[in-house]
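Just below is one structure, and these are the notes that go with it.
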Amino acid sequence: MEIQNCRICGDVFTAKFVFREMMFGMRDEFGYGECSNCGCIQILEVPHDIEKYYPDYYVSFTQEVPELKRLPFLKRIANAQRIKRKYKNLDDHTLELLKPIALVPGAKILDIGCGRGGLICNLFNLGFEHVTGVDKFISQPIDYGHNVMVLKKELSELQSDAYDLLIMHHVLEHIDDQVNELKECFRLLKKGGVLLVAIPVIGTAWDIYKENWVQLDAPRHFVLHTIKSINILAEKTGFKIGHTVFDSNAFQFWGSELYKKDIPLTLPDTHEWYPVERGFTAEQLSKFDEEARVLNENKKGDAARFYLYKK
Ligand SMILES: [Zn+2]
18 MEIQNCRICG DVFTAKFVFR EMMFGMRDEF GYGECSNCGC IQILEVPHDI EKYYPDYYVS
78 FTQEVPELKR LPFLKRIANA QRIKRKYKNL DDHTLELLKP IALVPGAKIL DIGCGRGGLI
138 CNLFNLGFEH VTGVDKFISQ PIDYGHNVMV LKKELSELQS DAYDLLIMHH VLEHIDDQVN
198 ELKECFRLLK KGGVLLVAIP VIGTAWDIYK ENWVQLDAPR HFVLHTIKSI NILAEKTGFK
258 IGHTVFDSNA FQFWGSELYK KDIPLTLPDT HEWYPVERGF TAEQLSKFDE EARVLNENKK
318 GDAARFYLYK K
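Count along the sequence shown from 1, add 17, and you get the number used in this note's numbering.
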């Protein structure tokens, strides 16, 4: 059934839109609404056949998972020291995510909606001992050894007050009942724990591209947040937002430019990502990088990480 009010703040929709499935070029159409109060954009009705839009070749099912390496003792000690110094001088995308948090190597970490568990395996290899993933959509649980596991469970089946860090990396936008999901996260965290939420956000790319903005990703993205709406959601569920880091990149431009030309994000035969160098010159791509950097500085990029604290 079509919802009448905003999932986040309960207000009415001022504008309605129709967006198309373009990652795989299915071009099916879906109705979305823009909230008059919090500004977030959301799908009006969750498709009854939503699994159809997560085929076997969807990215989270095919992600590469690094082999687990139990590092030699001295290396582990050195990594632990670096982690204690808050990752200073470490140039690593995974640690970049954790930079604003004071986390010890013994921290208990849960990656929610982790797919095959690439991120937790990376964290283990960096020196974190207690890492677990959970994903109710994987076909079966995965045991990587060394106590590194991906559970096929609902959050409601997991223990309260158990984790120092929860990670939802580009997961929240796929969830319908966000208030309930974040309440569950709050329950799972220890006092003082952190929930890291990385999501697309409404910024300049939406203003420029509208229905061709690549992060709309209909119908998989149910909710596209604004800064205001994520703050309302955090407040409603007991969290305090500590830091926000804008981390958008050139994808907001080249992906949206493809959609403007009616080109899907993946190739029809192999389902691999569109080879970006085919559609854009090196000069264009470096211009996109630079524009993304400036947008992030001005808090207008189309992706951000929010660090939510259970105080
Ligand atoms: Zn709203």
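For glycine and all other residues, C-beta sits at the position ideal for the given N, C-alpha and C.
For this session: Go through the segment 279-323 residue by residue and report every complete run of the alpha helix (DSSP H) that reaches 4 residues or more, in order.
Result: 293-296, 299-314
Q) Any chance the CB of D194 is under 8 angstroms from a heavy atom of ligand 1? A) no
- request: Please list, following the chain, all residues that have a C-beta closer than 6 angstroms to any non-hydrogen atom of ligand 1.
  value: C23, I25, C26, D28, C52, N54, C55, C57, S246
message: Considering only the alpha carbon of each residue, which of V293, D319, T287, Y326 lies closest to T79?
response: T287
- Task: Can you have a look at V151 and say buried or exposed, based on whether 16 or more other CB atoms are within 10 angstroms of its CB?
- Result: buried
(request) Find out if the Cβ-Cβ distance for the pair F323, L213 is shorter than 9 angstroms. (result) yes
Does the segment 314-322 touch the segment 247-263, meaning 3 or more C-beta pairs lie closer than 8 angstroms? yes
Report task. For E201, collect the residues of the same chain with a Cβ closer than 8 angstroms to its Cβ; drop the 5 residues on either side in sequence, then sort them by chain order. Result -> L172, S173
query: What residue range is occupied by the uninterrupted alpha helix (DSSP H) comprising H110?
result: 110-115
_Can you tell me whether I20 is helix, strand or coil according to DSSP?_
coil
Could you give the residue range of the beta strand (DSSP E) that holds I126?
125-129
Practice item. Can you tell me the Cβ-Cβ gap for T243 and K317, rounded? I've got them flagged as a contact below 8 angstroms. Key: The Cβ separation is near 12 angstroms, so there is no contact.
Kindly indicate which residue of L112, I129, G130 has the alpha-carbon position closest to the one of F145.
-> L112
Can you give me the start and stop residues for the alpha helix (DSSP H) that R251 sits inside? Per the sequence presented here, residue 251 reads as Ala, with Arg not at that position. Where A251 is concerned, the enclosing alpha helix (DSSP H) stretches over 244-253.
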